[in-house]
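Input: a single structure, listed below in structure tokens.
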Amino acid sequence: MKIEMAQPGQYWNMVTIYAFQGMTLQQAVDLVAARVNAEIAAFQLVARTVEPAASSQLRGFIDGLRYWMHGYQDWVDYDTRRYSDEFIARDADDTAIQLETSAPTGQP
């Protein structure tokens, strides 16, 4: 949560939103962890239930979702420096990033 708390700008995740809504940081982390775990468990149950009778296309889709979730976890665990103390100290401040609030003007 260090990176999320160091980003005072526009990037919010579920934990920071719940904390902003009045939960303690620990309550927010616990709730989000429970929700994520419940979604993963629900996916696994549905996948196990439908796979035996699924078409090859559906089995491929289910495998793709598994690879996507596994790939994200690998990125967090092995590749990204996003959660390192060095990144947080140097690059986490996102206040200079501005969202485009209106369509650009000028010639097409």
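Here our numbering is used: the first residue of the sequence shown is 1270, the next is one more, and so on.
By construction, the Cβ of each residue, glycine as well, lies at the ideal position given by its N, Cα and C atoms.
Checklist entry - V1345: buried (16+ other C-beta within 10 angstroms of its C-beta) or exposed? => result exposed
Checklist entry - Excluding sequence positions up to five away, which residues of its chain have a Cβ less than 8 Å from the Cβ of V1319? => result L1327, I1331
Next on the checklist: Determine whether the beta carbon atoms of V1284 and V1305 lie at a separation below 8 Å.
Outcome noted: no
Next on the checklist: Quick check on A1303: buried or exposed, where buried means 16 or more other Cβ atoms within 10 Å of its Cβ?
Outcome noted: exposed
Next on the checklist: Assuming F1312 and L1294 are in contact, meaning their beta carbons sit under 8 Å apart, how far apart are those beta carbons, in whole angstroms?
Outcome noted: That pair is no contact at about 27 Å.
Item to check | Cα-Cα separation between Y1336 and V1301, rounded to whole angstroms | outcome: 22 Å
Checklist entry - Helix, strand or coil: which one does DSSP assign to G1291? => result coil
Checklist entry - Mapping DSSP to helix, strand and coil, what is T1349? => result coil
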